[in-house]
Structures are given as C-alpha cells and as structure tokens.
Amino acid sequence: MADLDALIEDLVAANRILANENVVDAFGHVSVRHPVDAGRYLMSRAKSPELVESADIMEFTLEGAPCNADGRKPYLERFIHGALYEARPDIQCVVHNHSRSVIPFGISGEKLRPVMHSCATIGHEVPVWDAQDAFGDTDLLISDMLMGRDFARVVGNGTCALMRGHGCTVTGKSIREAVYTAIYLELNAELQWKASHFGKLKFLSPGEIEKINSRLGQARPGEGYDRSWEYWRRRAGIASKRG
Ligand SMILES: [Zn+2]
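Numbering that gives the first Met the number 0 applies: residue 0 is where the sequence shown begins, and numbers increase by one.
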C-alpha cells in the first residue's frame, strides 16, 4: 500500500505540474498504470488537473470501466489511456492535453520534429492521428476503445502523437518521463514555429536523438528526469515529502 500511496502522490503532483507549466488547462488528464495489476490504471475523476487531490484518483480497467467509482464521474476521453496501456506493456504513464503550440502542427501538414537537445524524447517525427480518417465526422474526442485503439496504432512504438484539431498525447516509462516529454513537446512546438520564420531548419538527427535518449535513460538518481521533476515540483509549489 505504501507504494500505491506514493504513486498516487506522484500522480497528483503530475497533475499540478502539468497545469503550472501550461500543458493542461481546465482540460487534459494524466494517468499511471497500476503498480500491482498491469491490467488497470489510475486517473483522477473528471476535474481540472490543477485541482486534483488524492481522493479524486480512481482505478480503471484497460477497457475504461471504473473499479471504484463511488459516485465519481470519469473523464470521457479515458479510452486514450487504456488503449495505450493495452498496446504497449512498456508504457507506465500517459498524458493527454490540448497545449496550444502543438495544434498548428496537427492541422497544417508541417511535421513536428525535435529542434533542441532537451526535446529529443519526442522522437524523430511526431505522427498525427486524424479522427476523420477512420471515423468520418466526429466531435474529435476519443470516446470509446475503438477510437482509442486506432489512436494507439498511430503512436506505434513512439512516445507521442498529435491529434488533428484537438491536441496531443504523450507516454512514458514513468510519470517523470511522461511529464518531461509533455512539457518539452509543447516547448519544441513553440520553438520550431518561431525558428521557421528564419527559413529552413536543422533538426536533431536520428543518431543525435538516440544518443541523447540513451544518456537520459542511464542518468543516475537525482539527474535527468529526477532533476527536472524536482524543479517542476518546486515551481508548482509542491512541498517535498520524500527528499
Ligand atoms: Zn482531449
């Protein structure tokens, strides 16, 4: 239970951090795979991420059925999360958001690619999922497993994908990794857009991306994702309870 409590504490912190960094606003959500039962995940009830507290965290099956609803209403788009956990056993955390700078890349055909060292975790090129392709006219939200699975197919083996006219979804092998990539995906989109005014851009090469990600993966405790996590926690006004 101690592990579960610590994970829920980190999930609440992730909600606050993503709100504080303007990745989520009144909408958007973050989940984590259950630490004991890989066929379940944890996520807040439908609520603005900035306001999420530990009592809001619910448990879901991968199909999106609440296990302990207790009168709490789940997010409509929870199927994004379950479909990704189902398709990718390596994924431990999913962030879905409508952050502003990524939207132009989902509607223009302009490819979102890493322009900066810190943004290498977004991968060589961020794919775009368009609800229109398989489902025709919809309200653009992923509201069942059929759509969730179609989206997971577009994410493939990558860390993230854009959703045309809607937002993006980011995954990670930990809460810290997914939060890191979500924040730097938004920053990369902003920087790429600004730099595009100068003309042709030079993006990170596949070899550079691989080397940067390999180094991040081998970071010692307190470095890499841990270092940014502590920084963002402090900025969000979250007191450190566990060092
Ligand atoms: Zn959404």
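Glycine included, each C-beta is placed from N, C-alpha and C at the ideal position.
Predicted model, so just to flag it, every value in this text is computed and none were measured.
Asked: Kindly indicate which residue of A12, M0, P205 has the alpha-carbon position closest to the one of R234.; Found: A12
Asked: Can you tell me where the beta strand (DSSP E) with H80 in it begins and where it stops?; Found: Premise fails: H80 lies in the alpha helix (DSSP H), 78-86, not in any beta strand (DSSP E).
Asked: For G242, which of helix, strand or coil comes out of DSSP?; Found: Confidence at G242 is low in this model, with a pLDDT of 45, below 50, so the placement of that residue should be treated as unreliable; the coordinate-derived value is given next. DSSP places G242 in coil when its eight states are reduced to three.
Asked: At the level of alpha carbons, what is the spacing between F59 and R232?; Found: 26 Å
Asked: Using a Cβ-based criterion (distance less than 7 Å to any ligand heavy atom), does G164 qualify as near ligand 1?; Found: no
Asked: Flag this pair as yes or no: are the beta carbons of V127 and L190 separated by less than 8 Å?; Found: no
Asked: Taking only the alpha-carbon atoms, compute the straight-line gap between I141 and G108 and give it to the nearest angstrom.; Found: 21 Å
Asked: Relative to the C-alpha of N96, which candidate in I56, R87, Y74 has its C-alpha closest?; Found: Y74
Asked: Could you tell me the boundaries of the alpha helix (DSSP H) in which Y206 lies?; Found: Looking at the sequence shown, residue 206 is not Tyr but Gly. 205-216 is the span of the alpha helix (DSSP H), which, as asked, contains G206.
Asked: Is there at least one non-hydrogen atom of ligand 1 closer than 7 Å to the beta-carbon of E229?; Found: no
Asked: Is any non-hydrogen atom of ligand 1 found closer than 7 Å to the C-beta of H80, if you look at the structure I gave you?; Found: no
Asked: Could you check whether the Cβ of F59 sits closer than 7 Å to any heavy atom belonging to ligand 1?; Found: no
Asked: From S47 to A68, what distance separates their C-alpha atoms?; Found: 18 Å
Asked: Less than 7 Å separating the Cβ of L140 from some heavy atom of ligand 1?; Found: yes
Asked: Comparing the CB of F197 with every heavy atom of ligand 1, is any distance shorter than 7 Å?; Found: no
Asked: Should C118 go down as buried or exposed, given a rule of 16 or more other Cβ atoms within 10 Å for buried?; Found: buried
Asked: Taking its Cβ as the centre, do 16 or more other Cβ atoms sit within 10 Å of S213, making it buried, or is it exposed?; Found: exposed
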